[in-house]
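Asks: Residue numbers (the numbering used here): 1 to 101. Just so you know, even glycine gets a beta-carbon here, dropped at the ideal spot from N, CA and C. Model, not experiment: these values are computed from the prediction.
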């Protein structure tokens, strides 16, 4: 994993990005760098993207759709933790806000 993180850092170092996108990229790179040095844990603890994309570990148990955004109740099949996930599709890329229940 460390080699992939180093390759990501090298590949993105000189790419000109707006300050907000650079901050987001740097934040996720830092999380990856910290993550490979910590012991394994349940995938739901560090995942904050689309819950349907985590390979079957997360189960969407409820969904309410509104114009431009939706709310999902999500349960992890591995550790039984529950989350309230808000999906906002009003940006170029969907944004997700996770809150533990």
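Whose C-beta lies closer than 7 Å to the C-beta of residue 101 among residues of the same chain, with five residues either side of it excluded?
Replies: If you number the chain shown from 1, residue 101 lands on position 101. For residue 101, where only same-chain residues beyond five positions count, the Cβ hits under 7 Å are 82, 83, 84.
Asks: Do residue 48 and residue 61 come within 7 Å of each other at the CB atom, strictly closer than that value?
Replies: To locate residue 61, count along the chain shown from 1; it is residue 61. To locate residue 48, count along the chain shown from 1; it is residue 48. In this structure, residue 48 does not lie closer than 7 Å to residue 61 by Cβ.
Asks: What separation, rounded to the nearest whole angstrom, lies between the Cα atoms of residue 9 and residue 17?
Replies: For the purposes of this step, residue 9 is taken as residue 9 along the chain shown, with counting starting at 1. For the purposes of this step, residue 17 is taken as residue 17 along the chain shown, with counting starting at 1. About 14 Å.
Asks: Going along the chain, which residues of its own chain have a beta-carbon closer than 8 Å to the beta-carbon of residue 7, five neighbours each way excluded?
Replies: In the chain shown, counting from the first residue as 1, residue 7 sits at position 7. Nothing meets the Cβ criterion.
Asks: In the DSSP assignment, what are the bridge partners of residue 97?
Replies: Position 97 of the chain shown, counted from the start, is the residue given in the question as residue 97. Note: residue 97 sits in a beta bridge opposite 86.
Asks: Expressed to the nearest angstrom, what Euclidean distance is found between the alpha-carbon atoms of residue 29 and residue 44?
Replies: Locating residue 29 in the chain shown gives position 29, where the first residue counts as 1. Locating residue 44 in the chain shown gives position 44, where the first residue counts as 1. Straight-line spacing of the CA atoms in residue 29 and residue 44 works out to 18 Å.
Asks: Going along the chain, which residues of its own chain have a beta-carbon closer than 6 Å to the beta-carbon of residue 97, five neighbours each way excluded?
Replies: Here residue 97 is taken as the residue at index 97 of the chain shown, counted from 1. So the list reads 86, once near-sequence residues are dropped.
Asks: With a threshold of 8 Å on Cβ separation, who are the neighbours of residue 69 within its own chain once the five nearest residues in sequence on each side are excluded?
Replies: Indexing the chain shown from 1 puts residue 69 at position 69. Taken in chain order, the residues that qualify are 86, 87, 88, 89, 90.
Asks: Below 6 Å, is the gap between the Cβ of residue 6 and the nearest heavy atom of the ligand ATP?
Replies: Ligands in the displayed structure: none, and consequently the ligand ATP is not present.
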